[in-house]
Amino acid sequence: MSSYDLIVIGSGPGGYECAIRAAQLGLQTAVVEKWPTFGGTCLNVGCIPSKALLHASETYEEAGHKFGQMGIKVGTPSVDLPTLLKYKQQNVDANTKGVDFLFKKNKIETFRGVGRIVASGQVEVKDDGGKTQYLEAKAIVIATGSDVARLNGIDIDEKRIVSSTGALDFPAVPQRLVVVGAGVIGMELGSVWRRLGAQVTVVEFLDHILPGIDGEVARQFQRLQEKQGIAFRLSSKVTAIDTSGKTLKIKVEPAAGGAATMLEADIVLVAIGRVPYTDGLGLEAAGVQKDNRGRVLIDEHFRTNVAGIYAIGDVVAGPMLAHKAEDEGIAVAEIIAGKAGHVNYDVIPNVVYTSPEIASVGKTEEELKAAGVAYQVGKFPFTANARARTNLATDGFVKILADAKTDRVLGVHILGPDAEALIAEAAIAMEFGASSEDIARTCHAHPTLSEAVKEAALAVAKRAINM
Ligand code: FAD
Ligand code: NAI
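For the sequence shown, numbering that gives the first Met the number 0 begins at 0 and goes up steadily by one.
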């Protein structure tokens, strides 16, 4: 039986970064992965392929709508879907092979197959051919991620009724696409196929879209999406889909119950969330406890109730985000190696990669109100930012929420161009306990989009210059 200091089950962003950090710290490390390629959901069917589709479809829309305004003539652009999907897959392949390379470079041993915890310190690996191996280790990290949440009574065949995975690979642009769930996946992938030519209707259970995002940001974002052509059916639920005909007939009922209406579509994308994935892991037999939502239960040091077994990433509580999984992976490797690993859950940025993008870190206004915290708001619109105007990207604003007494930054919410990059400044500021005045007094290059962040910080003290 091969013996290690650490066995990581799952090679997503949580698992692979954990393994690399452990190897850097001198631990003999092995990774068990059941998929043919490394990188988990994020690299294979999540972050990377979706961002490739977003980038390509946004470039297509810019070529059709913005190039002309800047005096660039390219004729009417058209979409070559097979090549677009090939470009997406090349990105996926480069990234998954990159993980392969990093494992070899760091002398991490890899095992293909389903990992099952036999007991503390013992893992069985069963490959596709039924071959079984047994490994042992001083520590085991569960990094098995998450899976698509399903709608009761509705079968996802990944052809006509798809999850995000199917929606990354349509063989043709659907004429009509119904998206169930106005969350991150619904908005990102719904907007991709809308730009590529589909008529998109989003059915959302709640009376607002993007739960968890600052309300003002979500409302303005919804208006922009409607202007771009996406239709919304809020406070509604899909209760049945008739698949017998050529087109799908979708039964939509008010969330609170009542008379149903019908929608027709070629494809339905079910994007109602994700659930922790622990199938076949043997947790019950090993005595590892889960919480009431099926997540592996851990303490603040990522320890389960069974000695030597830890868990991180989507399979435990917290936001299902790649960078949260990565930071937990690194922290748990450091803890196992006897160091002081730590994740600051108050400063985890969140980005929705739509057009315009949404990026946020820290508390929303709704959260501050609910907690009874007195705060000041500083807001600055991109229409007043010179660089946004040159880039023909003026939709949105930056909003900074600062403590009314201490001026400490409590939350930053950006709707607008390159919000994904701008939010890093806010995260660093918050990590260092900055006040809005600290951001306002920091010299920002001109002309940049980041000046909108500085102006929003100035606006907290009601002294924005360009507004
Ligand atoms: P995963 O990435 O899910 O990896 C788990 C791995 O464990 C998988 O490879 C799986 O095969 C393996 N595994 C499971 N069970 C076993 C077993 N018993 N034995 C062996 N191997 C096993 N997050 C972002 O931060 N930014 C984004 O832009 C973003 N975009 C996304 C887009 C989509 C369409 C989706 C679906 C998700 C997106 N996410 C994004 C979320 C992100 O993908 C996850 O938060 C992240 O992948 C979680 O990492 P993880 O390591 O916990 O698990
Ligand atoms: P989500 O939790 O973001 O959104 C699901 C939406 O579906 C919610 O608005 C919810 O109210 C709605 N819903 C739930 N049940 C419903 C029903 N029966 N009918 C209609 N609506 C219903 O989940 P999503 O979009 O599936 O994404 C899953 C996870 O993947 C998220 O937690 C997210 O963190 C992660 N992700 C992150 C991305 C990013 O960081 N950019 C991109 C894509 C996914």
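Beta carbons: idealized from backbone N, C-alpha and C, even for Gly.
Under a three-way DSSP split, which group does residue i fall into?
i, result
"Leu400", "strand"
"Pro210", "coil"
"Asn43", "helix"
"Leu268", "strand"
"Ala460", "coil"
"Lys453", "helix"
"Asp406", "coil"
"Gln174", "coil"
"Phe379", "strand"
"His54", "helix"
"Pro253", "strand"
"Leu282", "helix"
"Lys226", "helix"
"Phe301", "coil"
"Ser2", "strand"
"Phe169", "coil"
"Val216", "helix"
"Tyr344", "coil"
"Gln221", "helix"
Starting from residue i and walking both ways along the beta strand (DSSP E), at which residues does that stretch end?
i, result
"Gly32", "Note that residue 32 is Glu in the sequence shown, not Gly. 28-32 is the extent of the beta strand (DSSP E) around Glu32."
"Gln23", "From DSSP, Gln23 is part of no beta strand (DSSP E) but of the alpha helix (DSSP H) over 12-23."
"Arg294", "Run containing Arg294: none; DSSP gives neither H nor E here."
"Val350", "349-351"
"Ile308", "308-310"
"Gly361", "356-361"
"Glu203", "Per DSSP, Glu203 belongs to no beta strand (DSSP E) and is neither H nor E."
"Arg111", "108-111"
"Leu448", "From DSSP, Leu448 is part of no beta strand (DSSP E); its letter is neither H nor E."
"Ile240", "235-241"
"Leu421", "No beta strand (DSSP E) holds Leu421; the alpha helix (DSSP H) holding it covers 418-430."
"Phe66", "It is not in any beta strand (DSSP E) - Phe66 carries neither H nor E in the DSSP assignment."
"Ile275", "Correcting the residue identity first, residue 275 is Pro in this sequence and not Ile. Looking at the DSSP string, the run of the beta strand (DSSP E) that includes Pro275 is 273-275."
"Val315", "Per DSSP, Val315 belongs to no beta strand (DSSP E) and is neither H nor E."
"Gln121", "121-125"
Can you give me the start and stop residues for the alpha helix (DSSP H) that residue i sits inside?
i, result
"Thr95", "80-104"
"Gly328", "321-335"
"Asp437", "435-439"
"Gly9", "Careful: Gly9 lies outside any alpha helix (DSSP H) and carries neither H nor E."
"His389", "First, the residue type needs correcting, since residue 389 is Thr and not His in the sequence shown. Segment 385-389, the alpha helix (DSSP H) holding Thr389."
"Leu367", "364-370"
"Val183", "183-194"
Measure from the C-beta of residue i to each C-beta in chain B and report whether the shortest distance is under 8 Å.
i, result
"Pro210", "Protein chain content of the structure displayed is limited to a single chain, and chain B is not contained in it."
Exercise. Are at least three pairs of beta-carbons, each pair with one atom in the stretch 448-460 and one in the stretch 393-401, less than 8 Å apart?
Worked result: By the C-beta criterion, the stretch 448-460 is judged to be in contact with the stretch 393-401, since at least 3 inter-stretch pairs fall below 8 Å.
For this session: Let me have the residue list for the ligand NAI: C-beta closer than 6 Å to any non-hydrogen atom, ordered along the chain.
Result: In chain order, the hits are Leu150, Val179, Gly180, Ala181, Gly182, Val183, Ile184, Gly185, Glu187, Val202, Glu203, Phe204, Leu205, Pro210, Lys236, Val237, Ala270, Ile271, Gly272, Arg273, Pro318, Met319, Leu320, Val350, Val351, Tyr352.
Exercise. Any contact of the stretch 50-64 with the stretch 112-130, i.e. 3+ C-beta pairs under 8 Å?
Worked result: Flag = no, the stretch 50-64 and the stretch 112-130 do not touch.
Problem set entry | At least three beta-carbon pairs within less than 8 Å, the stretch 368-375 to the stretch 332-351 | A contact is defined here as three or more CB-CB pairs under 8 Å, and the stretch 368-375 fails this definition with respect to the stretch 332-351.
Exercise. Can you list, in chain order, the stretches of the beta strand (DSSP E) that have 3 or more residues and sit fully within the stretch 136-167?
Worked result: Correct list: 145-147.
For this session: May I ask you to verify whether the stretch 259-275 touches the stretch 97-113, counting CB pairs closer than 8 Å and requiring at least 3?
Result: They do not touch, by the three-pair rule.
Exercise. Pairing CB atoms from the stretch 237-256 with CB atoms from the stretch 7-21, are three or more of them under 8 Å?
Worked result: Using a Cβ-Cβ distance cut-off of 8 Å, the stretch 237-256 and the stretch 7-21 are not in contact, since fewer than three pairs of beta carbons, one from each stretch, lie closer than that value.
For this session: Say whether the stretch 377-395 touches the stretch 421-429, bearing in mind that this needs 3 or more beta-carbon pairs closer than 8 Å, one atom from each stretch.
Result: Judged by Cβ distances under 8 Å, the stretch 377-395 makes no contact with the stretch 421-429, as fewer than three pairs qualify.
Exercise. Hey, is the stretch 249-265 in contact with the stretch 175-189, meaning 3+ C-beta pairs nearer than 8 Å?
Worked result: Cβ pair count under 8 Å is three or more, so yes.
Exercise. Per the contact definition of three or more C-beta pairs closer than 8 Å, is the stretch 190-200 in contact with the stretch 154-165?
Worked result: Cβ pair count under 8 Å is below three, so no.
Exercise. How do the stretch 302-316 and the stretch 134-151 stand: do at least 3 beta-carbon pairs fall below 8 Å, yes or no?
Worked result: With the cut-off at 8 Å, the stretch 302-316 and the stretch 134-151 touch.
Exercise. How about the stretch 20-37 and the stretch 333-341: do they share at least three Cβ pairs that are nearer than 8 Å?
Worked result: Verdict: yes, contact present.
Exercise. Quick check: the stretch 440-453 against the stretch 376-386, are there 3 or more CB pairs under 8 Å?
Worked result: The answer is yes - the stretch 376-386 touches the stretch 440-453, with three or more Cβ pairs under 8 Å.
Exercise. Taking three-plus beta-carbon pairs below 8 Å as touching, is the stretch 231-245 in contact with the stretch 422-440?
Worked result: These segments do not touch.
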